[in-house]
Structure formats: C-alpha cells, structure tokens
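2 protein chains.
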Amino acid sequence: MARLPLYYRALLEIADQDISTVSSEQLAELAGVNAAKVRKDLSYLGTYGTRGVGYVVGELVDEIAGELGLTHDWPVAIVGLGNLGHALANYRGFGARGFRVVALVDIDATKVGSRVGDLAIESLDNLDTIVAERGVAIGVIAVPALAAQEVADQLVAAGVGSILNFAPAVVAVPESVSLRKVDLATELQILSFYQQHRVQPSRV
Amino acid sequence: MARLPLYYRALLEIADQDISTVSSEQLAELAGVNAAKVRKDLSYLGTYGTRGVGYVVGELVDEIAGELGLTHDWPVAIVGLGNLGHALANYRGFGARGFRVVALVDIDATKVGSRVGDLAIESLDNLDTIVAERGVAIGVIAVPALAAQEVADQLVAAGVGSILNFAPAVVAVPESVSLRKVDLATELQILSFYQQHRVQPSRV
DNA sequence: CGGTGTGAAGCCTTTCACAGCA
DNA sequence: TGCTGTGAAAGGCTTCACACCG
Chain A
1 MARLPLYYRA
11 LLEIADQDIS
21 TVSSEQLAEL
31 AGVNAAKVRK
41 DLSYLGTYGT
51 RGVGYVVGEL
61 VDEIAGELGL
71 THDWPVAIVG
81 LGNLGHALAN
91 YRGFGARGFR
101 VVALVDIDAT
111 KVGSRVGDLA
121 IESLDNLDTI
131 VAERGVAIGV
141 IAVPALAAQE
151 VADQLVAAGV
161 GSILNFAPAV
171 VAVPESVSLR
181 KVDLATELQI
191 LSFYQQHRVQ
201 PSRV
Chain B
1001 MARLPLYYRA
1011 LLEIADQDIS
1021 TVSSEQLAEL
1031 AGVNAAKVRK
1041 DLSYLGTYGT
1051 RGVGYVVGEL
1061 VDEIAGELGL
1071 THDWPVAIVG
1081 LGNLGHALAN
1091 YRGFGARGFR
1101 VVALVDIDAT
1111 KVGSRVGDLA
1121 IESLDNLDTI
1131 VAERGVAIGV
1141 IAVPALAAQE
1151 VADQLVAAGV
1161 GSILNFAPAV
1171 VAVPESVSLR
1181 KVDLATELQI
1191 LSFYQQHRVQ
1201 PSRV
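Protein chains in written order, with this note's numbering: chain A, 1 to 204; chain B, 1001 to 1204.
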C-alpha cells in the first residue's frame, strides 16, 4: 500500500514529541489523507488500534517498519553520474533507513575512478560483479533517456530486484522486478495541464 | 489526464522517425499502457483518429501540446539550492518545453549572489517581487522538510499557481493551487515493500 | 463516551467487446 | 478489411455509517 510511507513519516514525527497514542483522525491530518482511509489501511496490518483510545505509536511504527521492509538493509547502486546522479549520490536521506548506496556506476571511462563522497565511480562493464558481491537490491537509473532501457536490462540481468527510474523514458522489465519512475518532465506537464484548465475564479 | 505526457513523448519519438500515422496499439506499446486505454483517453480530446487507419501523428501532437498547455510559457522558480536544487537548476530538460527557470531563491544569505548557470541566487525575502515581475507560474520546493510548508505558504501568497514539492514532507495548499510531489524516500520504501513481499519463486 | 473495525454503498478507472466507418 | 469510438461490464478504491468495544 502506497500510503504506508506517509503514515510512517508522520508517526516518526509524533514519536519525536513523546506522544504515545494517536487517533486515526490525528494521523490522517498529519499524513494529508482522511481518517476512514487510515483506519482501513491500518486494519490490513492486523488489529493494532484500541477502541476509544487510538493507536500506540511505538507498536505501530515497528509494525509498519516491518511491513515496509525497513528492518532490512537494501544496498543501492546508482547508474549514471551526471547532474542528477551526483545529487542523488550526495543525498543524505538515502542512508537514513536501510538504503545504503554501495556503488556508483557510469559508462563513461573518463568518469570511472573519480570519487563522489566516499565512493569511487566504477565501470558499467563490472555491473554483474558489483551487484553480486555487494548484494545490490535496488538499482537507480539516472542516465539519458536513450540509454535507460539498456541499463535496465543490464540491472535485471545482474539480478537487481527493484529499479527506480529517473530517466524520461518508458522502460520495460520482467514482472518479477519492481519498477517505479520519477519523471520531472511528466510532473511539470501535469502541473501545466491543471494550470491551463484552471477554472477561472467566479466573480461574485 | 496523467497519461497525456506519456503519449506526448511517444508521439514525439514517432514524429522523429517521419512516421505519419499511428494505431492505438502501436502508441500503447510505446507508452507502456494498453490499447483500449489509449483510445478512451484520446477520445476525450475529440475525434482525432481515422477508423481503419489510426491517428495522424502531427495533428495529435499539436492537440496534446495544446491540451497540456505546452504552447504557453511557464516561468519556474526554484526555492532551495542545496544538492537537489543545484541539480535541478542545471537540469537541461527543464527548458525543453516552455518550462523556463527564471529564478533561484534561497533563505541562506551566504548563498545569495552566487551564480548557478545563467542565474544568480536571490533572497527568499524578495519572493513576492520576483514572482510578480517575472510572472512565475510554477514554484519548485527543494528545501529541507521542516521548511517546506513555510516555503509553500510564501509561494502561494506570492501568487504561484502550481507547486512541485521535492521535500519529504506533507504540505497543504489551498484548493486553487495545484500541488505535485516527488518523494525519493517514499519511492524507495515502496520498492522495499514489494521486495519484502515478493513471492518466492516456486521451485519446479 | 470516544474511537476503532468493517459491511455496504458510491464513485471512478480499466477492460471488454463490438458496431460502424474509411 | 482494419482500426477507431463507445456502451456496458468488471474491478478497485474511497467514503459512509454504525455496531461494538475499552
């Protein structure tokens, strides 16, 4: 369920304030959804709420962390170190919850060897070995659109189970591999669409 | 409709190859969706297909560009010039279709004045003037989570109509303002969730 | 009382299947 | 004949409303 991360983040904020129980309504407010949705979603995890009281924050955090697999360690490899790849490599939030960047990979021989933070850029040719030896679970594609499908294929062949694609291109992967995309151009165009179709404020 | 940008991109690829007509099935293949969906979606734009033939690529590109508002110019302001803000400021794809970055804004006085590409970083204090004078339509939030809501409020107060939020935080805006979010942490956690719940390959 | 858990209704999106037109 | 346009069916998600429990 795609809303669990939202609840998780909200619950961490609440826990920071040493609040021990929370109602579905409060949680909904913080997560930007409505209360019925919160209750339905959480009921799928099993019964963790107490009627008349709410949810115990600590229990719920643990349960959601488990559900989201945040108790595991998921090694991440970033492929493509242009502007975006660099920004991602330097991004703090990555390491936060079990997502550890363990490899930076680029096809450009002139980039190979240079350091970004604690890691050196490695050659795409060695992807198989890198993935196998470091147990890479998630591959991040930050290459130009034209190269995206090929990189995806290589990641899949190397045994990566999940891919996060930042390239503005449709990439296909086997059903057994999870794929999510983050597409700046698409987001902007959707905003543009709404801006274009904005209903003019009615004059009273 | 959130799929129009996908069709648009696919159609541009097709146009590049000097192909003049395309069937819903071909377009579906390129956009990574199914043919019925393509036809339903395009039928909302009016009748642009010819039975027995398909859609005329040129006409369809123009129609979708108009629908998405890509014939307009949408000035963009980026707020927050940390790692991500810098990457976005340098990102080529921005300028591509009417999305022109016209301002870089940060609250940090030590950053104000320094240049990133063609633009100098300006102070958040001047946001109102900047938005008004340059007609900024879209604000990009690339600040830490704690500052996100405040920046959003300031953007709304300044008159921005759309916001793209990269901060890992829920931000609320009036209904009259469009809001989209791009959240790396959430995407990773969703991938983690699926990786966690992956059905084990059955042994035959 | 207050707030969860959950059937049932409502709504929206997707898919099917085929009539009808070039 | 080939492919669009579109009712109708199917499916999934969201919301409502309230029984039930601490």
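Where a beta carbon is used, it is the ideal one built from N, C-alpha and C, also for glycine. Owing to the predicted nature of the structure, the values given are computational and were not obtained by experimental measurement.
In the DSSP assignment, residue 1055 of chain B forms a beta bridge with B/1022 and B/1049.
Straight across, the Cα-Cα distance linking residue 52 of chain A with residue 65 of chain A is about 25 Å. Here DSSP, grouped into helix, strand and coil, assigns residue 1119 of chain B to strand. In this structure, the straight-line span from the alpha carbon of residue 1144 of chain B to that of residue 93 of chain A is close to 10 Å. With a 10 Å radius around the Cβ and a threshold of 16 neighbouring Cβ atoms, residue 115 of chain A comes out exposed.
At a beta-carbon threshold of 7 Å, the residues of chain B lying near residue 69 of chain A are 1192, 1193, 1195 and 1196, ordered along the chain.
Inter-segment contact for the region 1077-1093 of chain B and the region 69-85 of chain A is present: three or more beta-carbon pairs are separated by less than 8 Å.
The region 1160-1168 of chain B and the region 1130-1142 of chain B touch, with three or more beta-carbon pairs separated by less than 8 Å. If you ignore the 5 residues before and after residue 1168 of chain B, its C-beta comes within less than 6 Å of the C-beta of 1145, 1183 and 1185, all in its own chain and listed in chain order. The bridge partners DSSP lists for residue 1094 of chain B come to none. Between residue 180 of chain A and residue 155 of chain A, the C-beta gap is not smaller than 8 Å, which leaves the two residues out of contact. Counting C-beta pairs closer than 8 Å gives three or more between the region 1068-1078 of chain B and the region 1099-1109 of chain B, which meets the contact rule.
Per DSSP, residue 40 of chain A lies in no beta strand (DSSP E) segment; the continuous alpha helix (DSSP H) that holds it begins and ends at 35-43. Annotation: Cβ neighbours of residue 161 of chain A in chain B (cutoff 9 Å, chain order): 1191, 1194, 1195 and 1198. Using a CB distance cut-off of 8 Å, residue 114 of chain A does not count as an interface residue toward chain B.
Secondary structure note for residue 192 of chain A: its alpha helix (DSSP H) is the uninterrupted segment 184-197. With distances taken between CA atoms, residue 1177 of chain B lies nearest to B/1153 out of B/1197, B/1188 and B/1153. With a cut-off of 8 Å on Cβ pairs, the region 1013-1031 of chain B is not in contact with the region 1118-1130 of chain B, counting fewer than three such pairs. If you check the CB distance, residue 1061 of chain B and residue 1020 of chain B do not come in under 8 Å. For the region 1177-1189 of chain B, the beta-carbon criterion of a distance under 9 Å to any beta-carbon of chain A is satisfied by 1178, 1179, 1180, 1181, 1182, 1183, 1184, 1185, 1186, 1187, 1188 and 1189. DSSP, read as helix, strand or coil, puts residue 1085 of chain B in helix. For the region 1030-1052 of chain B, the set of residues with a beta-carbon nearer than 8 Å to any beta-carbon of chain A comprises 1030, 1031 and 1032, in chain order. With the criterion set as a beta carbon lying under 8 Å from some beta carbon of chain B, the members of the region 6-18 of chain A are 6, 8, 9 and 10, in sequence order. Flagged as an interface residue toward chain B: residue 84 of chain A, by a C-beta distance shorter than 8 Å. Interface annotation for the region 137-171 of chain A against chain B: 137, 138, 161, 162, 164, 168 and 170, criterion Cβ-Cβ distance under 7 Å. When secondary structure is reduced to three states using DSSP, residue 5 of chain A falls in the helix class. At a Cβ-Cβ threshold of 8 Å, residue 191 of chain A and residue 1189 of chain B do not count as neighbours. Note: residue 1140 of chain B is bridge-paired with B/1078 and B/1164 in the DSSP secondary-structure output. For residue 1172 of chain B, the three-state secondary structure derived from DSSP is coil.
When the Cα atoms are used, residue 1058 of chain B and residue 50 of chain A turn out to be separated by approximately 60 Å.
Beta-bridge partners assigned by DSSP to residue 1106 of chain B: B/1123. About 5 Å separates the beta carbons of residue 27 of chain A and residue 38 of chain A, which is inside the 8 Å limit, making them a contact pair. Beta-bridge partners assigned by DSSP to residue 179 of chain A: A/163.
At least 8 Å separates the CB of residue 1080 of chain B from every CB of chain A. With distances taken between CA atoms, residue 97 of chain A lies nearest to A/68 out of A/149, A/68, A/111 and A/35.
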